[in-house]
Amino acid sequence: MLHWPEMKKISIRDLRQKWPEAERALNIESEIIITRDGKPVARLTRYENREKNRRRFNPVKHRQWQSRQVAGKIVSWVDEFLISERSSERKG
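Residue numbers (the working numbering): 5 to 96.
Here's what the structure looks like:
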């Protein structure tokens with residue numbers, strides 16, 4: 005017969021009042037059952053921070069990508085838009 009170890013249980017009140025102890029217990033246990041009036045209401049699990057190797061922004065590669073997208077043409081529509089919008093604000 006298999007015997008599973010009893011899960012760690014803590015009441016909501018104890019969780020509020022004894023958070024440091026609960027946090028230490030969570031480092032040992034994989035999860036803690038939170039109870040209200042002796043009945044389980046929630047499960048507190050350990051968060052595992054899995055850092056991903058995130059690609060960082062590379063301005064040189066981005067410029068190369070932009071050049072491929074516009075077939076080597078320099079796109080100045082943003083500048084033209086800003087100039088026209090600023091001139092219309094001055095007139096109005």
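Where a beta carbon is used, it is the ideal one built from N, C-alpha and C, also for glycine.
message: Buried or exposed, going by whether 16 or more other CB atoms sit within 10 Å of the CB of residue 14?
response: buried
Endpoints, the beta strand (DSSP E) within which residue 99 is located: Since the first and last residues shown for the chain are 5 and 96, residue 99 lies out of range.
- request: Could you round the C-beta distance between residue 48 and residue 38 to whole angstroms and report it? I think they count as a contact, below 8 Å.
  value: 6 Å
message: Based on DSSP bridge pairs, tell me the residues matched to residue 48.
response: 36
query: In whole angstroms, what separates the C-alpha of residue 84 from that of residue 59?
result: 32 Å
query: So residue 65 is in the alpha helix (DSSP H); what residue range does that whole segment cover?
result: 63–73
Given residue 46 as reference, the closest of 55, 54, 22, 11 once Cα atoms are compared: 11
- request: Would you decide whether residue 36 is buried or exposed? Buried here means 16 or more other CB atoms lie within 10 Å of its CB.
  value: buried
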